[in-house]
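For reference, the structure is listed below as structure tokens.
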Amino acid sequence: MSEPNRHRGAHGGPDDAGRPHRGRGAPRDGSGRGDRRPRDRGERSGSRGERRAEGRESAPRAPRPNLPRQVAWEVLCDVAERDAYANLVLPGRIARAHMQGPDAGMTTELTYGTLRAQGFYDAIISVAADRPAESIDLPVLAAMRMGAHQLLSTRIAPHAAVKETVGVIRASASSRAAGFVNAVLRRIGERDRAEWAALVTEGLDERDALALTASHPQWIARALRQALSAHGRDPEELGDLLAADNTPAAVCLTALPGAVDRDALARAVGEPTPLSPIGVALSGGSPAAVPEVAQGRARVQDEGSQLVALALLGAAAPADRPGSAWLDMCAGPGGKTAILAAAAQRDDRAVEALDSSEHRADLVRDSTRAFADRVRVDTADAREFGAAHPGEYARVLVDVPCSGLGALRRRPEARWRRSAADLGGLGPIQRDLLAAGFDAVAPGGVLAYTTCSPHLAETLLVVGDFARKRGADVEVLDAPEVLAEVTGEPAASFASGSVGTPEQGARAADGTRAQGRAAQLWPHVHGTDGMFLTLLRKPAAAPDAQEAP
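Position one of the sequence shown corresponds to residue 1 (full-length UniProt numbering), numbered consecutively onward.
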């Protein structure tokens with residue numbers, strides 16, 4: 001799923017074989033996370049508050065630290081120490097600091113830039129500090145990472161990068177810690193990024209070196225390479241995909257149909273998105289300052305998330321007629337639900353939205369407030385919903401909890417919290433939700449199974465197994481063709497693998513069937529999150545008597 005905090009239960013860990021990936025300076029666990037480490041040479045003595053108090057008592061009052069760096073460092077500490085998400089913490093901290101314009105932009109770049117390259121920077125810090133990065137106290141390590149980012153990936157003058165970063169840690173920790181940060185950053189500044197890359201990847205093979213310099217855990221780089229191949233793309237695109245993960249994503253808005261005119265919104269705040277007919281790319285500033293967003297008539301939402309909701313609405317569903325009900329089974333925080341609700345308002349339909357969390361259900365209510373009379377939001381375990389409401393819904397969206405490997409550019413810290421083992425826990429949930437969702441589909445109705453991950457175990461394997469088990473009770477629509485109709489782009493650009501058998505394909509006007517395909521969006525190809533989509537239809541009658549789609 002593309003919305004924040006959608007992927008629950010994941011955590012950092014070693015690669016899928018349980019072995020660390022090690023270049024000369026690579027972190028011991030291969031992740032760069034460094035959030036559970038033993039005490040080292042007295043660096044961790046005392047609580048954080050005690051260390052701050054010690055610094056204040058043992059040194060004269062330090063100058064006030066540079067505000068953008070101070071706020072960025074605080075967010076990085078929250079991410080490292082509390083498993084916070086930067087996209088949830090950073091806006092509030094910027095607002096409380098009353099920062100705007102260049103200062104807010106600098107804070108954002110220091111935060112996200114540091115998180116994206118964290119693994120690479122940790123490998124460098126391990127060499128420069130002459131100790132594993134994971135043994136360094138987290139607030140100190142956060143300052144080193146932020147300093148490394150300024151020195152190696154920005155045009156900030158080296159002396160300013162070192163001085164101002166040391167000033168942040170001096171105001172918050174002991175003078176000893178500030179001296180440590182100063183020494184390490186000065187060593188880092190002795191080489192440029194290319195020289196450090198050559199040093200820390202010495203002895204690694206080409207693929208592992210790419211993973212380290214692109215700052216992805218090895219298991220993720222391997223999984224993404226496999227996913228490219230499984231979805232019909234060249235696995236040699238991996239470098240471009242990892243680079244896209246490290247490129248800031250554009251801020252996109254959904255102009256909810258019937259609530260706001262998309263062209264007018266685009267003229268006011270940005271430009272139309274290239275793929276979604278209801279999307280607007282924000283040209284600058286905070287989306288919270290856009291009146292239509294504040295009023296609930298537009299929403300911040302990745303273009304890929306918009307497209308999968310629009311594809312569900314565009315798929316042929318004979319069961320769908322005025323008065324029909326639609327279902328969003330895993331609705332929180334409600335971005336896709338809002339698109340369904342806008343269409344329901346226009347087409348005289350009703351939407352049922354479920355989430356297992358009351359907090360997330362409240363977010364759905366807020367997201368759909370412009371169409372509140374068309375949406376009912378309930379807190380429930382969606383895995384049990386299909387059996388209780390069989391065949392009641394003409395369109396069903398099953399946007400399952402997943403690893404989020406397609407949204408790493410938006411939540412860069414997530415790559416350090418995931419492990420291959422997480423997929424084992426998510427798989428049964430995904431399969432149960434798909435089965436329950438299809439049970440709720442009316443004869444002649446359509447289900448969209450979506451993830452914001454291209455991982456084979458969360459995509460083609462899940463829907464392929466389901467199609468085999470259900471046999472003639474399921475039709476596989478051609479999702480790339482539906483996306484082509486939505487976007488005006490060639491279907492081939494969205495094509496993934498085939499799902500099911502040719503006999504399960506939708507019947508064409510001439511009576512023949514073609515094997516249905518899934519669709520996969522890619523950050524490096526489409527400029528969206530890596531959304532996967534399969535469209536499944538429940539036959540309205542016996543398979544041989546099925547109407548043409």
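Beta carbons: idealized from backbone N, C-alpha and C, even for Gly.
Within 10 angstroms of its Cβ, does residue i collect 16 or more other Cβ (buried), or is it exposed?
i	result
residue 40	With a pLDDT of 39 at residue 40, under the threshold of 50, the modelled position of that residue is not reliable, and the figure given next carries that caveat. Exposed, since its Cβ has fewer than 16 Cβ neighbours within 10 Å.
residue 224	buried
residue 68	buried
residue 195	exposed
residue 96	exposed
residue 64	exposed
residue 478	buried
residue 59	Low confidence applies here, because residue 59 scores a pLDDT of 47, under 50, leaving its location unreliable and the question unanswered by this model.
residue 88	exposed
residue 190	exposed
residue 523	buried
residue 159	exposed
residue 81	exposed
residue 1	Caution is warranted here: a pLDDT of 47 is assigned to residue 1, below 50, making its placement in the model unreliable, and the coordinate value is therefore given only provisionally. With 16 or more other Cβ atoms within 10 Å, it is buried.
residue 512	exposed
residue 302	buried
residue 12	Note that residue 12 scores 34 on pLDDT, short of 50, meaning its location in the model is unreliable; the coordinates nonetheless yield the value given after this. Flag for residue 12 reads buried.
residue 542	Per-residue confidence for residue 542 stands at a pLDDT of 46, beneath the threshold of 50, marking its modelled position as unreliable; the derived number appears in the next sentence. Residue 542 should be labelled exposed.
residue 102	exposed
residue 337	buried
Have a look at residue i and residue j and give me their C-alpha separation to the nearest angstrom.
i	j	result
residue 438	residue 448	9 Å
residue 179	residue 85	29 Å
residue 48	residue 172	Confidence in residue 48 is poor, its pLDDT being 43 and thus under 50, which makes the residue's placement too unreliable to answer from.
residue 124	residue 83	23 Å
residue 32	residue 181	Legend: pLDDT at residue 32 = 43, less than 50; position of this residue unreliable, value from coordinates given subsequently. So the alpha carbons of these two residues sit roughly 18 Å apart.
residue 111	residue 128	22 Å
residue 331	residue 161	43 Å
residue 365	residue 422	30 Å
residue 294	residue 278	18 Å
residue 493	residue 343	26 Å
residue 57	residue 170	The predicted position of residue 57 is uncertain, since its pLDDT is 44 and thus under 50; a value taken from the coordinates is nonetheless stated next. Going by the C-alpha atoms only, they are around 12 Å apart.
residue 457	residue 433	15 Å
residue 517	residue 235	20 Å
residue 238	residue 383	35 Å
residue 426	residue 471	24 Å
residue 528	residue 429	25 Å
residue 285	residue 147	26 Å
residue 142	residue 232	39 Å
residue 240	residue 115	19 Å
residue 408	residue 119	14 Å
residue 466	residue 431	8 Å
residue 304	residue 280	12 Å
residue 93	residue 100	12 Å
residue 174	residue 246	33 Å
residue 536	residue 380	23 Å
residue 205	residue 217	15 Å
residue 121	residue 156	17 Å
residue 276	residue 486	7 Å
residue 508	residue 498	17 Å
residue 414	residue 455	15 Å
residue 126	residue 197	13 Å
residue 219	residue 211	9 Å
residue 145	residue 184	10 Å
residue 530	residue 452	5 Å
residue 221	residue 230	14 Å
residue 424	residue 261	44 Å
Contact defined as beta carbons within less than 8 Å: I believe residue i pairs with residue j. What is the distance between those atoms, to the nearest angstrom?
i	j	result
residue 532	residue 520	5 Å
residue 193	residue 152	4 Å
residue 491	residue 481	5 Å
residue 341	residue 446	Between residue 446 and residue 341 the Cβ distance is about 18 Å, and since that is not below 8 Å, they are no contact.
residue 298	residue 255	5 Å
residue 443	residue 319	6 Å
residue 71	residue 107	5 Å
residue 333	residue 363	4 Å
residue 214	residue 244	The pair is not a contact, with the Cβ atoms about 10 Å apart (cut-off 8 Å).
*the segment 242-258 / the segment 456-464 touching (three or more Cβ pairs under 8 Å)*: With the cut-off at 8 Å, the segment 242-258 and the segment 456-464 do not touch.
*Three or more beta-carbon pairs under 8 Å between the segment 496-504 and the segment 425-442, yes or no?*
Counting Cβ pairs under 8 Å, fewer than three are found: no touch.
*Below 8 Å, can you find three or more Cβ-Cβ pairs linking the segment 336-351 to the segment 319-327?*
Yes: at least three Cβ pairs fall under 8 Å.
*Take every Cβ of the segment 302-321, pair it with every Cβ of the segment 389-405, and state whether three or more of those distances are shorter than 8 Å.*
The segment 302-321, when compared against the segment 389-405, does touch it at the 8 Å Cβ threshold.
*Do the segment 356-373 and the segment 403-416 meet, that is, are 3 or more Cβ pairs less than 8 Å apart?*
Contact between the segment 356-373 and the segment 403-416 is absent, because fewer than three Cβ pairs lie under 8 Å.
*Can you give, in chain order, each stretch of the beta strand (DSSP E) that sits fully within the segment 430-518 and has at least 3 residues?*
Runs of beta strand (DSSP E) with 3 or more residues, each lying fully within the segment 430-518, are found at 441-451, 495-498, listed in chain order.
*Identify every run of the alpha helix (DSSP H) within the segment 257-302, keeping only runs that are complete inside it and at least 4 residues long; order them along the chain.*
If we require 4 residues or more, the alpha helix (DSSP H) runs fully inside the segment 257-302 come out as 262-269, 291-294.
*Could you tell me which uninterrupted alpha helix (DSSP H) segments, each at least 4 residues in length, are contained entirely in the segment 327-366, listed from first to last along the chain?*
Taken in chain order, the whole alpha helix (DSSP H) runs of length 4 or more contained in the segment 327-366 are 335-347.
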